[in-house]
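Participant: Residue numbers (our numbering), protein chains in the order written: chain A, -6 to 595; chain B, 14 to 302.
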């Protein structure tokens, strides 16, 4: 274990037994507008292409220019699902970056900065065994292109040299990034090379305590993708052909991706006037037979709530992504939180069935989105996917999405020309599902009605009809629950574990990473219960797992322990020990480990 | 014994529930007759209704129907039209619904010019909630929600539509069924967003703007050589209110293509008619390698 500059414990070791790099973190910081994110993603992609696993996180205020921005990449020789709390390389494009992040650094780490711009406290960092590497970003940028604009690119080159990855990886990225602007490719490559050779010429390993050095490995069957993009690709894979949206951080990259692929993939994409229109448009499209999806964050979802009920009573399939951020109201737009669970479960007046699922990592973002479309069609109800900023804007390496695993199931509908006489769209059936027709089909006429209705869809307020229709809709959820049961939870770790860690959504990745850091004999004492399907709640399954557990600890990114409340409501099981975080930041693996130490689990 | 009616081709098994003499009957008849005259098969028509007396028409017209939420009928219609451009998509909503909660959607749909027809019932009151002032109520109108008289000036759908770039703007009167029927026909035939705003007296709650009120005042713009291509003139006519109240087509612009024509992915078969096949992902994944 190592200690950071502010005395926190660092659980993992940097090197493995063979003295190869196991896991390290890199962070670039500067003012918004400095190209922080593009630099960060370029660096991550180089590491990915060099055969490493990565997970990224970006922190930024809700501003276009100015304000402190960072992009962190955690690089690992084994799968990783979260960023570390600690930094091994800090690229400081301004002094504020050093001031704000020096406490995250451990001994043996390094800061790359422009000594012509500011001078860090040399004695302080020498005492902490933190290496200071001056690289004249500004001067070299001027040399490369005549302006300061490529300071971030110079820093990229310097980083590559420092960790001994070939410069060519970064140069290739420059060619790809600027393929639409060939005129600047050459100067960007020059900036990379200037940064690279400056480190090579001015610093020798023996002079520093910094030890991270990477060798190029086999890339493996992986891709480097963000959670939001994974959901968008999942939607496209599932045949989604209608997407309406309204921008809202941190969900907007789903919208951007769908908009960019609309023409080539044959998707109607509509940037609507507000989120109320967004969901109503999607229902209109779904009504006539499209596979429709919308994406938003909590505020936008709030506006959709009445329409959610309309999807419920009209039994119209739709997939809704809520990429959570801290609320209430505008809250903290660019940060993370899991505060919407209870809201999502109960949103809209009246009682109607819905399915709520939460991916726990980027891979699940893809596969659960595909599944969401099938569930929505099969059970004719809204399906809500709950992710959050950590996952949605998080970018990482995952096994390449397998299109062979994609199945399109449109559920019960009647083919054109085969509509039976006296067709009833809302026919009362045993499992509650009644086959759909779509406008345009002869003989299939019905009314999709926000009023309570009879089997044809016409308004009806009779007592017996009401009971029949309420029960019919409710039966669909029972039917769905039976199907969903087997996939409703993930149980990771040994069955005879002493401690069961309970979670949903993005903390799953952090917990898996935290346990990965523990020695095997300690790790064996833990298992993780990730609830994937939050509604219909897998009560029996969760209850039996928890009752068979010796000790149960809940980990959630909110202040009210909303999942614990749900579990208690649905199973009677009261989880007493809780690890909660609600400062807008995701958990860190080391932090989870620390808390487990405090709870005397380690 | 209940009276036996002959069920017409666009009727359902439900009889209208409106008050005797309601202006909605005239719109109901005009709409059905327009569809019959245009020979559009009922299964090719989707009517999206708002919530209110007008929206209750959902139960009395035998086409595909969607009884939406209050104020939200227009975006639903836009979504449906974009997903299946072969459908004739019509919105039937009231002035409370369409210009209260639905005002924003109305203006934005006009901007987009998707090929839908919007039939708005203008009776200047919220009928179904027993008579509060609608956004169209004339300044000073007294109602349960405005006992001292409404302070706001009235919202005027045709003038708003013209300002926002609507490509077909008209006004009818439910007391002139054949004229209204003609307007609805032309509106459906128009490619782009068409507005048919209709004076539709609420015989129960609006004791001022009733049938005699309009019968004494309305005239037909098309009988007076109104130039429907002149937007400024149309705007002027849309604001005319007093001893003479214009009906007919205010403005028509056939040069602007509807929203769906701008989308390359809309060319060819309607979106929902194409077989839904699994898409290949390799070219998408390539960008993440």
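No residue lacks a Cβ here, since even glycine has one placed at the ideal position from N, Cα and C.
Bridge partners for residue 208 of chain B per DSSP, in chain order?
Facilitator: Answer by DSSP bridge pairing, in chain order: B:131 and B:182.
Participant: Under the assumption that residue 47 of chain B contacts residue 194 of chain B (Cβ atoms under 8 Å), give the Cβ distance between them as a whole number of angstroms.
Facilitator: Rounded, the Cβ-Cβ distance is 5 Å, consistent with contact.
Participant: Terminal residues of the continuous beta strand (DSSP E) containing residue 20 of chain A?
Facilitator: Segment 16 to 24, the beta strand (DSSP E) holding residue 20 of chain A.
Participant: Which of the three DSSP states is assigned to residue 34 of chain A in this structure?
Facilitator: Reduced to three states, the DSSP call for residue 34 of chain A is helix.
Participant: Counting beta carbon pairs with one atom in the region 193 to 213 of chain A and one in the region 324 to 338 of chain A, are three or more of them shorter than 8 Å?
Facilitator: No contact exists between the region 324 to 338 of chain A and the region 193 to 213 of chain A.
Participant: In the DSSP assignment, the alpha helix (DSSP H) including residue 31 of chain B goes from what residue to what residue?
Facilitator: Residue 31 of chain B -> no alpha helix (DSSP H), and no H or E assigned at all.
Participant: Could you pull the DSSP bridge partners for residue 235 of chain A from this structure?
Facilitator: Per DSSP, A:261 and A:285.
Participant: What would DSSP say about residue 598 of chain A, mapped onto helix, strand or coil?
Facilitator: Chain A is shown only over -6 to 595; residue 598 of chain A falls outside these bounds and no answer can be derived.
Participant: Check the DSSP bridge columns for residue 604 of chain A and list the partner residues they point to.
Facilitator: Nothing can be reported for residue 604 of chain A, as the shown portion of chain A is limited to -6 through 595.
Participant: Looking at the C-beta of residue 292 of chain B, does it have a partner C-beta in chain A at a distance below 9 Å?
Facilitator: At least one chain A Cβ lies under 9 Å of residue 292 of chain B.
Participant: Run through the DSSP bridge pairs and tell me what residue 106 of chain B is partnered with.
Facilitator: For residue 106 of chain B, which the question treats as bridged, DSSP gives the partners B:133.
Participant: Hey, does residue 185 of chain A have any beta-carbon neighbour from chain B nearer than 9 Å?
Facilitator: It does not: the Cβ of residue 185 of chain A has no partner Cβ on chain B nearer than 9 Å.
Participant: Run down chain A in chain order and give the residues with a C-beta less than 9 Å from the C-beta of residue 28 of chain B.
Facilitator: Chain A residues near residue 28 of chain B: none, gap ~12 Å exceeds 9 Å.
Participant: So, with DSSP's three-state summary, where would you put residue 483 of chain A?
Facilitator: Strand at residue 483 of chain A.
Participant: Less than 9 Å between the C-beta atoms of residue 43 of chain A and residue 155 of chain A, yes or no?
Facilitator: Taking 9 Å as the Cβ cut-off, residue 43 of chain A and residue 155 of chain A do not qualify as a contacting pair.
Participant: With 16 other CB atoms within 10 Å as the buried threshold, where does residue 507 of chain A fall?
Facilitator: By the neighbour-count rule (16 or more Cβ atoms within 10 Å), residue 507 of chain A is buried.
Participant: Closer than 7 Å by beta-carbon distance: list the chain B residues that pair up with residue 367 of chain A, in chain order.
Facilitator: Those within 7 Å of residue 367 of chain A in chain B number zero; the least Cβ separation is about 12 Å.
Participant: Can you find the residues in the same chain that come closer than 6 Å, C-beta to C-beta, to residue 61 of chain B, ignoring five residues on each side of it along the sequence?
Facilitator: Correct list, in chain order: 79, 81, 86, 89, 90 and 104.
Participant: Going along the region 427 to 446 of chain A in order, which residues come within less than 9 Å of chain B, judged by CB to CB distance?
Facilitator: The residues in question are 430, 431, 432, 433, 434, 435, 436, 437, 438, 439, 440, 441, 442, 443, 444 and 446.
Participant: Suppose you measure from the CA of residue 192 of chain B to the CA of residue 481 of chain A; what does that come to, to the nearest Å?
Facilitator: If I take the Cα positions, the gap works out to 60 Å.
Participant: With DSSP as the reference, label residue 102 of chain A as helix, strand or coil.
Facilitator: Residue 102 of chain A falls in the strand class under three-state DSSP.
Participant: Within 8 Å, do at least three Cβ pairs link the region 504 to 522 of chain A to the region 457 to 474 of chain A?
Facilitator: The region 457 to 474 of chain A vs the region 504 to 522 of chain A: no contact.
Participant: On the three-pair Cβ rule with 8 Å, is the region 219 to 238 of chain A touching the region 283 to 292 of chain A?
Facilitator: In short, these stretches touch, since the Cβ pair count reaches three.
Participant: With a 10 Å radius around its C-beta and 16 neighbouring C-beta atoms as the bar for buried, classify residue 176 of chain A as buried or exposed.
Facilitator: It counts as exposed.
Participant: Can you check DSSP and say which residues form a bridge with residue 233 of chain B?
Facilitator: According to DSSP, residue 233 of chain B bridges with B:260.
Participant: Does chain A have any CB closer than 9 Å to the CB of residue 58 of chain B?
Facilitator: Yes - at least one Cβ of chain A is within 9 Å of the one on residue 58 of chain B.
Participant: Quickly, what does DSSP pair residue 49 of chain A with across the bridge? List them, please.
Facilitator: A:66 and A:388.
Participant: List the residues of chain A whose Cβ lies closer than 9 Å to the Cβ of residue 41 of chain B, in chain order.
Facilitator: Within 9 Å Cβ-Cβ: nothing; residue 41 of chain B doesn't reach chain A, min ~15 Å.
Participant: Here's a check: name, in chain order, each residue in its chain whose Cβ is nearer than 7 Å to the Cβ of residue 49 of chain B, leaving out the five neighbours to either side.
Facilitator: 22 and 23.
Participant: Helix, strand or coil for residue 98 of chain B, going by three-state DSSP, please let me know.
Facilitator: Coil.
Participant: Do residue 128 of chain A and residue 188 of chain A count as a contact pair if the criterion is CB distance below 9 Å?
Facilitator: Yes, these two residues count as a Cβ contact at 9 Å.
Participant: Check whether the region 252 to 272 of chain A touches the region 397 to 412 of chain A, taking contact to mean three or more Cβ pairs, one atom from each stretch, closer than 8 Å.
Facilitator: No: the two stretches stay apart, fewer than three of their Cβ pairs being nearer than 8 Å.
Participant: Checking contacts by CB at 9 Å: is residue 133 of chain B closer than that to chain A?
Facilitator: Chain A contact via Cβ: absent.
Participant: With H, G and I counted as helix, E and B as strand and the rest as coil, what does DSSP make of residue 283 of chain B?
Facilitator: Coil.
Participant: Please report the residue range of the beta strand (DSSP E) in which residue 315 of chain A lies.
Facilitator: 311 to 317 is the span of the beta strand (DSSP E), which, as asked, contains residue 315 of chain A.
Participant: When you check each C-beta in the region 148 to 171 of chain A against every C-beta of chain B, which residues fall closer than 8 Å?
Facilitator: The region 148 to 171 of chain A vs chain B, Cβ under 8 Å: nothing.
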